[in-house]
Amino acid sequence: MFWFHLNSPSGTNRNSRRSALTDYLASNNISAQQIRDDWDRRQAEAQRQPDQAQQESSNAAEESRSPSVLESPEDPIKKRKREQAIARIKNSKEFAKRKARLTGDCDDDDNDDDFLALQIHEAKNRPKPGQLANCEICDKRFTVTPYSKAGSNGGLLCVDCSKKQKADEKKPPAKKRAPGIGRRQNQANLLDGLTPHGTQTLLETCIKKVADYIHDIEDFGDLPPSLLLRLGQILSRRRAVTSRTLDLFLRPQYTSIDLFDCAKLDTDDYHRILASMPRLTRVNLRFTTPMKDQIFHYMIERDMQIKDLHLDGPNLVTDACWRQLFMKLGHRFLSLKLWNLDDAFDNETARLMCLHCPNLRRLKLKFLHKVDNEMLEGISTLKSLQHLSLRFLHETETKTELLLEIMGSIGHQLETISLEEFESADDRLLQHIHEHCCHLTKLRLTLNSTFTDKGLAAFFTDWSNPALTYVDLNSLRDVDMTNPTGPEEPIGLASDSFIALMEHSGSKIQHLNIASCRHVSYKAFEQVFAEGKIYPNLKYLDISFSTVMDDYLTQCIFRCCPALQRLVVFACFKIRDVHIPRGLALIGTVGASIKIDGITQTETI
């Protein structure tokens, strides 16, 4: 009975089991027919012949475009929800706008509609920033950010895959530069005096090419000092003077070194300079911030024969070290130029310099924060001084009497005078220079609002000094901006003094700067550059901020100055249409039409 009970067919039990299975499948929306159809489809795909591979790829592409054809079984509930969502998207305004923007026509085939709707659906269902997602390429789990990059299949990429994809993307070829694109750089080079009009010389081209590949060069070979100086200028401008490139300039047989940007050198590099070039007599180093006391101690211990010392910014050298240097080696110094010292070099150091450097012929002190009027008293004791250049800080009020004492004591031997930003100096200084200085070739008096036009005119009239070759009188003007025409008694360089200057030095003057001397009149320029007058040696002229300057006066300047190479006219807005000779650089025009031997171009700088 037991065997019969297990194997006896019972229609009631069988029917109840089938009914329960059917109810379960129906309640979960699972279709047995669909499962059977999916199984048959996978079997048929596995049995396809190799020669049907191309047809397979086309069918697979069609299936990927249409969401109605699925590559693998999918939950019917998710499928139905997605189809409903796609149907809603097709009826939305966003879908119509996207389709019209892409195709220009909303009546396209169903497959394209499904593909576009599926794209919109996937974009909306992408993880939001802060959520987790899997990378489309490496399947790595990562946190989505607003900067996460989308993959080619609609998914998102992790940071590493985004970087790789960006690196693999080929950049489009650079557009070929049209003529005139580099005008801004050309104008900058003109201001620096690096680029003349026309083709560069072969020598200059070779020097720049060497500078371009400076890090691949092991030795310069037997270069003359002039070319070594030019290379030093270019490399310093590019800030390429490092411990590696310094070795190229260390020549034991040379007696001078010029480096104009030493900011990337350290203390050991300065030791190498002095140790590798024991015959040094001239040291010209700029931006020497890392220089310290031990460098000067090395000079003193080796008793080096340095005669010309030019340093810019050695702020770490102490006053005690400066004083020791002057006491030990000061008797050898013939030229001393110091710039930008704010933590050392006070009045006592300056006094010891004047005491222990009696043979100084050239002295330049600019922006020394700790010196003031007291150091001027020692300068008058330098009986061998021939070149004097001073510029104190703006807040230092200099006593005119001390300057008068200097001119009365050593003025007869001076060849160049440069006094910048001595605002309190008055016409008495001009009178003393007129009386005591008779060998000057260079004169710079700038940034002063006390000199009068009458005093300057008297200064240049009947002066026994030969004609000057270098004159810089920029910013000698009244500073009251509310009164552009100035006071009734003209302040600074005005019409009468400008005419007197050119009558005295016009025959030999080579460099003239009268920028910001706004009280020189139109008639004065007409008289100075009148027809028949020639200034054969004038090569550089700066008349910036001369509001009366126009096209006519500019052409008069070209006619009277046949050797002129650079004319600077910043803020001369009346210059609009000029014809300049080839080989001359007109710098500072804005929107002017310039003609160079028949070539017309528009200045934009």
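Start counting the sequence shown at 1; every next residue gets the next number (UniProt numbering). C-beta: ideal position from N, C-alpha, C; glycine also.
Item: Contact set for residue 359: own chain, Cβ-Cβ below 8 Å, skip 5 residues either direction; Value: 331, 332, 333, 334, 384
Item: Residue 61 (DSSP reduced to helix, strand or coil); Value: At residue 61 the pLDDT is 42, less than 50, meaning the model places this residue with poor confidence and gives no usable figure here.
Item: Chain-order list of residues whose beta-carbon lies under 6 Å from that of residue 149 (same chain, five-residue window excluded); Value: 157, 162
Item: For residue 519, the residue or residues it bridges with in DSSP; Value: 494
Item: 3 or more residues per run - each beta strand (DSSP E) lying fully within the stretch 205 to 289; Value: 256 to 259, 282 to 285
Item: Cβ-Cβ distance between residue 364 and residue 389 below 8 Å; Value: yes
Item: Other residues of its chain near residue 90: CB distance less than 7 Å, five sequence neighbours each side excluded; Value: 113, 117
Item: DSSP bridge partner residues for residue 436 (one or two, in chain order); Value: DSSP lists no partner for residue 436.
Item: Sub-8 Å separation of residue 470 and residue 508 beta-carbons; Value: no
Item: When 301, 340, 217, 424 are compared against residue 311, the one with the closest alpha-carbon; Value: 340
Item: DSSP three-state assignment for residue 463, whether helix, strand or coil; Value: coil
Item: Euclidean distance between Cα positions of residue 454 and residue 593; Value: 38 Å
Item: DSSP three-state assignment for residue 391, whether helix, strand or coil; Value: strand
Item: Close-in-space but distant-in-sequence residues of the same chain around residue 368 (CB under 6 Å, 5 per side omitted); Value: 341, 345
Item: As assigned by DSSP and simplified to three states, the class of residue 150; Value: strand
Item: Buried/exposed call for residue 153, threshold 16 Cβ in 10 Å; Value: exposed
Item: Burial state of residue 221 (16 or more Cβ within 10 Å); Value: exposed
Item: Pick from 490, 238, 289 that is closest to residue 457, judged by C-alpha positions; Value: 490
Item: Inter-residue CB distance, residue 559 and residue 587 (contact presumed, cutoff 8 Å); Value: So it is not a contact: roughly 19 Å between Cβ atoms.
Item: Closest Cα partner of residue 209 within the set 277, 551, 231; Value: 231
Item: Residue from 406, 420, 305, 449 with nearest C-alpha to residue 436; Value: 406
Item: Proximity below 8 Å, CB of residue 287 to CB of residue 262; Value: yes
Item: Run of the alpha helix (DSSP H) containing residue 538, from where it starts to where it stops; Value: Where residue 538 is concerned, there is no enclosing alpha helix (DSSP H), given that its DSSP letter is neither H nor E.
Item: Where residue 427 falls: helix, strand or coil (DSSP); Value: helix
Item: Per-residue burial, residue 504 [other beta carbons within 10 Å of its own, 16 or more giving buried]; Value: buried
Item: Distance, residue 562 Cα to residue 426 Cα; Value: 36 Å
Item: Which of helix, strand or coil DSSP assigns to residue 568; Value: strand
Item: 8 Å Cβ shell around residue 306 - same chain, five flanking residues per side excluded; Value: 280, 281, 282, 283, 299, 329, 332, 333
Item: First and last residue of the uninterrupted alpha helix (DSSP H) at residue 347; Value: 347 to 356
Item: Cβ-based neighbour list, residue 461, same chain, cut-off 6 Å, excluding 5 preceding and 5 following; Value: 500
Item: Alpha helix (DSSP H) segment containing residue 554, residue limits; Value: 551 to 560
Item: Euclidean distance between Cα positions of residue 589 and residue 215; Value: 38 Å
Item: Inter-residue spacing [alpha-carbon to alpha-carbon] between residue 108 and residue 88; Value: Residue placement at residue 108 cannot be trusted, given a pLDDT of 45 that sits under 50; what the coordinates show is reported in the next sentence. So the alpha carbons of these two residues sit roughly 17 Å apart.
Item: Pair within 8 Å by beta-carbon distance, residue 514 and residue 473; Value: yes
Item: Whether residue 251 touches residue 291 by CB criterion (8 Å); Value: no
Item: Cβ pair residue 386, residue 414 closer than 8 Å; Value: yes
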